[in-house]
Structures are given as C-alpha cells and as structure tokens.
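Novice:
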Amino acid sequence: MARRKAKRRSKQSWSVAGVVSGVAALYVFAQVGQNNGVAGLVAGVLTFFAVRAGIRWLSSARTARPSSPGARATQPTSADGVKLSGKVVSEPQVVPWLLDHWDQANDELVSRVENEMKGSGESNLLYALRVAGPGLRAKTLKTLVSRWRTTRCGAADSGLDAGRTSPNHARLESFLMAGFSERLNEVAQEDLTKALDAVGKKKSEAARGKAAQRAADKYEDAIAGLEESDGSIYTAAEKFRAKYREALGEYLDPSGSAAAASLSPNTATSTASGGGHSPHRKADAGRSLGGGHVLNPGAPFKLTLLGVSPEQVQSIRELLESDEGAGWPPPLFLKLIDWDVRCNEIDEYVAEFKPVFEANIAKQQAASPEWSEASELDREDLLSEFRQKAVGELDVQPYGDLEVLLGESSEDVDLDDALMERYGVDAVYAYVSNYRRVGKVQTIAADHRGRNAFEKLVSAGLARRGKDIPIESVAQKLRLKDIQELIQDLDPPRFRRKAEAVDFLVGRADAAERLEKKVAWRELFELAPLPHEFSEIDIDRVSAYWRHARAVADLLQHTYMMAAYSLRDVGRDDGRGWEVLPAPDACPACKRAEQKRYSKGAPPPTPLHVGCRCSIVPMAR
Numbered sequence: 007m008a009r010r011k012a013k014r015r016s017k018q019s020w021s022v023a024g025v026v027s028g029v030a031a032l033y034v035f036a037q038v039g040q041n042n043g044v045a046g047l048v049a050g051v052l053t054f055f056a057v058r059a060g061i062r063w064l065s066s067a068r069t070a071r072p073s074s075p076g077a078r079a080t081q082p083t084s085a086d087g088v089k090l091s092g093k094v095v096s097e098p099q100v101v102p103w104l105l106d107h108w109d110q111a112n113d114e115l116v117s118r119v120e121n122e123m124k125g126s127g128e129s130n131l132l133y134a135l136r137v138a139g140p141g142l143r144a145k146t147l148k149t150l151v152s153r154w155r156t157t158r159c160g161a162a163d164s165g166l167d168a169g170r171t172s173p174n175h176a177r178l179e180s181f182l183m184a185g186f187s188e189r190l191n192e193v194a195q196e197d198l199t200k201a202l203d204a205v206g207k208k209k210s211e212a213a214r215g216k217a218a219q220r221a222a223d224k225y226e227d228a229i230a231g232l233e234e235s236d237g238s239i240y241t242a243a244e245k246f247r248a249k250y251r252e253a254l255g256e257y258l259d260p261s262g263s264a265a266a267a268s269l270s271p272n273t274a275t276s277t278a279s280g281g282g283h284s285p286h287r288k289a290d291a292g293r294s295l296g297g298g299h300v301l302n303p304g305a306p307f308k309l310t311l312l313g314v315s316p317e318q319v320q321s322i323r324e325l326l327e328s329d330e331g332a333g334w335p336p337p338l339f340l341k342l343i344d345w346d347v348r349c350n351e352i353d354e355y356v357a358e359f360k361p362v363f364e365a366n367i368a369k370q371q372a373a374s375p376e377w378s379e380a381s382e383l384d385r386e387d388l389l390s391e392f393r394q395k396a397v398g399e400l401d402v403q404p405y406g407d408l409e410v411l412l413g414e415s416s417e418d419v420d421l422d423d424a425l426m427e428r429y430g431v432d433a434v435y436a437y438v439s440n441y442r443r444v445g446k447v448q449t450i451a452a453d454h455r456g457r458n459a460f461e462k463l464v465s466a467g468l469a470r471r472g473k474d475i476p477i478e479s480v481a482q483k484l485r486l487k488d489i490q491e492l493i494q495d496l497d498p499p500r501f502r503r504k505a506e507a508v509d510f511l512v513g514r515a516d517a518a519e520r521l522e523k524k525v526a527w528r529e530l531f532e533l534a535p536l537p538h539e540f541s542e543i544d545i546d547r548v549s550a551y552w553r554h555a556r557a558v559a560d561l562l563q564h565t566y567m568m569a570a571y572s573l574r575d576v577g578r579d580d581g582r583g584w585e586v587l588p589a590p591d592a593c594p595a596c597k598r599a600e601q602k603r604y605s606k607g608a609p610p611p612t613p614l615h616v617g618c619r620c621s622i623v624p625m626a627r
C-alpha cells in the first residue's frame with residue numbers, strides 16, 4: 007500500500023512537470039520559430055526536459071523523510087531549533103512538543119534532544135524529563151520516590167527546580183507530578199493488596215500483627231523522602247498512608263496472641279514420638295551453648311543469643327510470647343539495641359551470604375553501561391535495583407529485609423550509648439528514624455504509632471511542638487492555595503511563589519489565629535539538631551546500624567515463631583514419614599528439600615534456615 011501511494015505521488019509530480027514543461031516549450035517554440043523552425047523545435051525539446059528535471063528534483067527534496075523515526079527522530083539544525091518528526095521546533099516549543107507527543111517520546115529521543123540543547127534555557131527541564139522516564143515506570147515505591155527526588159533536584163544543580171526560569175516550568179511540573187502521583191497510586195495499591203494477602207495467610211494474631219507492621223513500616227520508609235512541596239505526589243502518599251492505616255489497623259494492635267503463646271517452644275507439650283511430655287525440662291531453658299544461650303532449646307531449629315545473661319534471654323523469650331511483640335517502637339528491637347544482643351545463626355547466615363551478595367552487585371555494576379557516568383542520586387537508584395536482583399539470586403533467602411541485612415553495616419558503632427543514656431532508647435529510636443527531617447515541621451496525629459515517642463522528644467528538648475514552632479516554619483508547610491485562602495479577605499496581590507505568600511501571612515499580627523483554620527497545633531512537631539555535646543556523633547552510621555538491628559530483630563522473631571509451629575507439627579507423627587511443604591515464594595534451597603522424603607521419627611529440622619517459611623507434613627500414603 008505504501009509503495010503504491012509513493013508511485014502515485016511520483017506520477018502526480020511528473021504530471022505537473024509535464025504541463026509546465028509543455029507550456030514553456032510552446033512559448034520558446036513560438037518565439038524562436040518565427041525565424042527558424044528547426045531551432046525553435048530543438049529549443050522547445052531541451053526546455054521541456056530541463057524544466058521537468060528541475061521540478062522532479064525540487065519535489066523529491068521537499069518530500070524527503072527520515073528512514074526511521076527511532077533512528078532519525080531528531081537532527082541538529084541551526085539556532086532555529088530542533089528537528090522533530092521532520093519539522094523544526096523552536097527552542098521554547100521543544101518541551102511542549104515532547105509533552106504533547108509523550109506516548110512517542112521514548113528515553114532515547116529525550117536523551118538526544120537533551121544533548122542537542124545542552125546549555126540552552128531548557129536543558130534543566132529536558133534533564134528532568136529524561137530522569138523521570140524510568141520513574142514513571144517504577145515497580146517499587148522506593149524507586150519511584152528516589153527518581154522523583156532526582157527529577158526535581160538532580161546532580162550539579164540540574165533538574166526541575168533549577169529550571170524555574172523557563173516559561174515551560176509550570177506545565178512540565180504539573181505534568182510530571184500528575185504522572186508520578188498516578189504511578190504512586192498504582193504501586194501503593196499493589197503493595198497494599200500483597201500486604202493484606204500476606205497478613206491473611208498468617209496463623210496467629212501475633213504473626214498477623216507483625217506482618218501488618220512490617221508492611222506499614224515498609225510504606226513509611228518508601229515515602230520518607232517526600233515533602234509537602236512535592237504537591238500532588240505528597241498528597242497521594244498521604245492518602246495511601248491513611249488507606250494503609252484503615253486496611254491494616256485491626257492487625258497493627260492485636261488484642262491477644264494466645265495462639266502464639268500456645269505454640270511457644272517453651273510451652274509445647276508434644277514430642278516427636280507423641281508421648282505427650284515436654285521436650286525439655288524447665289531448668290534447661292536458656293542453657294549455654296558455645297558461649298551463648300539457647301533461646302528455644304525445645305525447638306528443632308535452635309536460636310542462640312550472644313552477649314546476654316540467662317535473665318536477659320528469659321526476658322526476650324517472654325517478650326516473644328506476649329502481646330507486646332508488635333508494639334512501636336518494636337520492643338524486641340529496643341532490647342537488642344539496648345543490650346547489644348547478637349544471634350549466632352543470623353550472624354552465620356550473614357557471614358556466608360554477604361560476600362555472595364556483594365560480588366553479585368559488583369558484577370552488575372561492571373556490566374551496567376549507566377553506572378560509570380551516573381550521578382550520585384542515580385547511583386543510589388541503580389544500587390537499589392542491583393540489590394533487589396542480587397537478593398533474588400541467592401540460594402538461601404530468609405523472609406525479611408535482606409537488602410538491609412546484607413547491605414548495611416552490622417558493626418555496633420557505640421555512638422548511640424550516650425544518647426540512649428541521656429534520652430532513653432525509645433526516644434532515640436524516634437529521633438534516629440526521623441533525623442533527616444530535622445528543622446522540618448511534621449504532622450503527628452493522636453493515633454500515629456509514634457506520637458508518644460515524639461512527645462518524649464519534646465520533653466527531652468530534641469523537638470518543638472505546636473506554638474513553640476516558628477510561625478514561618480508552620481506556614482511553609484501549607485500549600486500556596488491554602489495560604490491564599492487564609493489571606494483572601496486582605497485583598498493581597500497575586501502571588502506566584504509560595505515564599506512571597508508566606509512572608510505576607512507571617513507579617514500579619516493575627517497570623518497564628520489565621521493558621522489555626524488549617525492546622526492543629528498539638529499535631530505539629532519539629533525535630534531540633536542534637537546538642538553541641540553530641541555533635542561528634544555520626545547519625546548516618548547510627549541509623550545504618552539500627553536498620554540492620556531492626557532487620558535482625560524481625561528475622562529473629564519470625565524464625566522463633568516458625569520453630570514453634572514446627573514443634574507442633576512434629577507432634578503429629580503418624581508413622582508415614584515426612585516431606586517438606588514449601589512456602590509459595592520458597593528459595594532454591596527449600597525447593598530442593600521439597601524433593602526429599604524423610605523417615606518416621608526423623609523429620610527435617612524446620613525451619614530449614616533462619617527466616618524459612620516452609621513447614622513439614624506427613625507423607626501421603
């Protein structure tokens with residue numbers, strides 16, 4: 007069809023050329039033929055072919071097109087602009103053109119346009135468009151937020167914020183905010199659906215509470231980089247925070263965990279032989295093993311705690327078997343931090359698989375065409391992708407935050423001791439978890455899980471609350487639209503920047519009273535910098551160590567419960583032998599174990615490894 011159309015156009019060009027050439031030939035013939043008929047004929051023929059050839063050349067030059075949109079979509083031209091789809095687009099119209107043709111504007115096209123327009127007034131906006139592309143397709147909230155932050159304020163003062171002087175800034179900002187907001191809603195909904203599914207599969211209230219808390223914490227960590235100035239993206243994240251609270255709320259504060267307690271390794275009453283006697287004497291609880299103390303001596307898979315006394319082991323055991331295990335801050339984590347507790351089995355796993363994890367990441371970095379030239383923020387985003395892939399390729403994959411367990415430092419920096427001694431471990435936990443927001447006003451509602459901790463920070467002098475916070479800081483928290491509503495009765499000038507509107511509002515004597523229409527003072531908190539005497543403390547190192555300790559606490563709690571379930575299952579021995587029932591997302595090592603069969607009286611010691619979710623069942627007859 008395309009070939010026939012091309013031939014038709016060619017014939018039309020020839021027809022036009024023929025008519026024009028004929029007219030020209032007749033004219034020449036008439037002029038010359040008066041004196042010499044032969045000379046006129048020759049001149050007419052030559053003129054016909056000359057005119058026809060010229061028209062053919064002009065026609066072909068006018069209709070020439072690039073051979074392929076992907077390969078020749080952009081061509082450098084003069085200062086007039088950039089050639090897009092055969093049309094020269096002026097510099098001020100390049101960004102609008104890309105937005106109007108966004109479905110066709112792939113990453114390669116945007117990158118080429120950016121290179122051609124380096125140094126122009128639109129280069130910052132084109133950088134933002136290029137970086138935003140992968141973010142609008144992000145599969146995780148953490149990647150999405152990271153990409154948005156890079157889009158907004160990339161390396162070397164580039165990005166959306168740096169392009170505010172462009173007349174196209176407002177349109178591009180609106181376009182990208184809408185796109186990122188829509189993608190955030192999609193990814194957050196997928197995560198919430200998975201979280202609810204995971205919670206529903208748990209067999210006890212304690213386990214469901216833990217799964218729900220993990221999902222809520224993961225969401226909070228993912229959106230931690232967003233601020234109110236991020237507009238609709240921040241609004242979307244806040245709406246989903248409320249949606250998470252509503253959907254998971256009934257699990258976050260379980261009313262009891264009798265089932266968990268009944269399955270505790272220390273209260274189980276069944277043995278592998280079905281004799282009905284406790285598998286260990288109470289005097290054996292917490293006995294020493296290899297320099298440590300066994301937390302669950304009656305279970306098939308034992309957990310050994312290091313650096314603790316028998317009394318501390320008993321305290322941790324009681325915590326794991328109580329309703330307090332799913333509190334906030336996480337009580338088990340606080341004890342591990344406060345007592346510098348380590349788990350031998352988790353340490354052994356890290357020692358074996360951390361080198362494998364790091365080697366995989368190094369291999370990906372070497373193979374990545376982006377890594378060597380990526381900015382610092384882009385490298386953070388790439389590293390997150392590398393870590394996810396490295397975790398997915400491990401032979402043994404415990405159920406937990408392996409990216410933190412294997413990627414963060416497990417070294418106790420001893421920098422947090424002075425802080426905890428002064429302020430208490432739960433207050434320091436709240437501070438370390440939010441220290442990147444020092445000097446920024448946060449809204450902590452009465453039902454927020456960290457409200458008590460923030461109130462302790464206020465009492466300790468590490469935070470300000472309500473009307474003790476400067477009015478200007480509170481006003482900065484509002485949107486421009488909200489501020490305009492508060493001052494509309496004053497007939498203010500038209501403000502294009504929020505900073506101007508903030509100055510206008512703060513300059514009013516009744517600014518505090520006006521703000522009360524939009525904020526609840528008791529919900530506002532602002533973290534303060536650490537006192538000068540703690541200025542040498544590296545909070546980044548403390549935060550990394552605490553994240554690792556949190557991952558250890560979650561893994562320890564999960565393995566303890568799975569070992570309790572295994573002890574219950576062993577008591578169902580009916581003489582048929584055993585086989586492993588793998589979890590839906592079982593790791594390669596567990597899938598291999600699924601192929602084996604175990605004789606009566608010799609069940610496999612499930613969990614098969616720390617963080618294993620597999621169970622055992624009697625073989626089918």
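Taking my numbering, the leading residue of the sequence shown gets 7, the next gets one more, and so forth.
For glycine and all other residues, C-beta sits at the position ideal for the given N, C-alpha and C.
1. At the level of alpha carbons, what is the spacing between T69 and G87?
2. With respect to the alpha helix (DSSP H) encompassing Q448, which residues constitute its N-terminal and C-terminal limits?
3. Using a Cβ distance threshold of 8 Å, determine whether the region 348–355 contacts the region 302–322, with at least three qualifying pairs required.
4. Just how far apart, CA to CA, sit Y437 and E192?
5. Can you pull the DSSP bridge partners for I239?
6. By Cβ distance, which residues of its chain are closer than 7 Å to S374, with the 5 residues on each side in sequence left out?
7. Please name the residue, chosen from Q219, S235, I343, A204, that lies closest to G430 on a Cα-to-Cα basis.
8. Over the uninterrupted alpha helix (DSSP H) stretch that includes S180, give me the two end residues.
9. Please report the residue range of the beta strand (DSSP E) in which H299 lies.
10. Does the beta-carbon distance from M567 to A213 come in below 7 Å?
11. How about the region 216–234 and the region 244–254: do they share at least three Cβ pairs that are nearer than 8 Å?
12. When DSSP labels each residue in this structure, what does P610 get in the three-state scheme?
13. Find the nearest neighbour of C618 within the set V205, D422, L463, A592, judged by alpha-carbon distance.
14. Count the other C-beta atoms from every protein chain shown that fall within 10 angstroms of the C-beta of R442, then say buried if there are 16 or more, exposed otherwise.
15. Assuming L131 and G185 are in contact, meaning their beta carbons sit under 8 Å apart, how far apart are those beta carbons, in whole angstroms?
16. Across which residues does DSSP place R471 in a beta bridge pair?
17. Rounded to whole angstroms, what's the CA-CA distance from R155 to K308? Just pull it up for me.
18. For the alpha helix (DSSP H) that contains K597, what are its first and last residues?
19. When we look at the beta-carbon of G298 and count the other beta-carbons within 10 Å, is it buried (16 or more) or exposed?
20. Starting from T310, trace the alpha helix (DSSP H) in both directions and tell me its first and last residue.
21. Are the beta-carbon atoms of V576 and P611 separated by less than 7 Å?
22. Looking at C-beta atoms only, is the number of pairs between the region 360–372 and the region 386–401 that lie closer than 8 Å three or more?
23. Specify whether the region 517–534 and the region 582–602 touch according to this definition: at least 3 beta carbon pairs, one from each stretch, less than 8 Å apart.
24. Under three-state DSSP, which class holds Y604?
25. Using the three-state DSSP reduction, which class does K93 fall into: helix, strand or coil?
26. Report yes or no: do three or more beta-carbon pairs, one from the region 496–515 and one from the region 546–560, lie closer than 8 Å?
27. DSSP three-state call for S152: helix, strand or coil?
28. How many whole angstroms separate the CB atoms of A201 and L150, which I take to be in contact at a CB cut-off of 8 Å?
29. Between which two residues does the beta strand (DSSP E) carrying P624 extend?
30. Ignore the nearest five residues each way along the sequence and tell me which others in F339's own chain have a CB closer than 7 Å to its CB.
31. Could you check whether L587 and S549 sit closer than 7 Å to each other, using their CB atoms as the reference points?
32. In three-state DSSP terms, what is R143?
33. To the nearest whole angstrom, what separates the beta carbons of R547 and E414, a pair I think is in contact under 8 Å?
34. Can you give the Cα-Cα distance for K524 and V434, rounded to whole angstroms?
35. Can you grab the Cα-Cα spacing for the pair L142 / N174, in whole Å?
Specialist: Once the coordinates are examined:
1. For T69, the predicted structure reports a pLDDT of 42, less than 50, and the residue's modelled location is therefore unreliable. A value from the coordinates is still provided. Distance between the alpha carbons of T69 and G87: 20 Å.
2. Run containing Q448: none in the alpha helix (DSSP H); it sits in the beta strand (DSSP E), 447–449.
3. Contact between the region 348–355 and the region 302–322 is present: three or more C-beta pairs spanning the two stretches fall below 8 Å.
4. Rounded to the nearest angstrom, the two C-alpha atoms are 31 Å apart.
5. Per the DSSP secondary-structure output, I239 pairs with nothing in a beta bridge.
6. In chain order, L388 place their CB closer than 7 Å to the CB of S374, counting only its own chain and leaving out the 5 sequence neighbours on each side.
7. Closest option to G430, Cα to Cα, is I343.
8. Taken as a continuous stretch (DSSP letters only), the alpha helix (DSSP H) holding S180 covers 175–206.
9. Here the beta strand (DSSP E) through H299 covers 298–300.
10. Yes, these two residues count as a Cβ contact at 7 Å.
11. The region 216–234 makes contact with the region 244–254; the number of CB pairs closer than 8 Å reaches 3 or more.
12. P610 sits in coil when the DSSP states are folded into three classes, being neither helix nor strand.
13. The residue with the shortest Cα to Cα distance from C618 is A592.
14. With fewer than 16 other beta carbons inside 10 angstroms of its own, R442 counts as exposed.
15. Wrong, their Cβ atoms sit about 14 Å apart, outside the cutoff.
16. Partner(s): F531.
17. Using only the alpha carbons, I get a separation of about 44 Å.
18. If you look at K597, you'll find it in the alpha helix (DSSP H) that goes 594–600.
19. The residue is buried, with at least 16 neighbouring Cβ atoms inside 10 Å.
20. Here T310 belongs to no alpha helix (DSSP H); instead the beta strand (DSSP E) covers 310–312.
21. Contact: no.
22. They touch, by the three-pair rule.
23. Taking a cut-off of 8 Å for Cβ pairs, the region 517–534 and the region 582–602 do not touch, as fewer than three such pairs fall below it.
24. If DSSP states are grouped into helix, strand and coil, Y604 belongs with the strands.
25. K93 sits in a strand when the DSSP states are folded into three classes.
26. No: the two stretches stay apart, fewer than three of their Cβ pairs being nearer than 8 Å.
27. Looking at S152 - three-state DSSP - the assignment turns out to be helix.
28. In this structure, A201 and L150 do not form a Cβ contact; the two beta carbons are roughly 17 Å apart against a cut-off of 8 Å.
29. Where P624 is concerned, the enclosing beta strand (DSSP E) starts and stops at 621–624.
30. Excluding five sequence positions before and after F339, the CB atoms of its chain that fall closer than 7 Å to its own CB belong to A555, R556, A559, given in chain order.
31. Against a cut-off of 7 Å, the Cβ pair of L587 and S549 comes out as no contact.
32. Looking at R143 - three-state DSSP - the assignment turns out to be coil, as it is neither helix nor strand.
33. Not quite, the Cβ-Cβ distance comes to about 10 Å (not below 8 Å), so this is no contact.
34. Each residue's alpha carbon lies about 30 Å from the other.
35. For L142 and N174, the distance between alpha carbons rounds to 20 Å.
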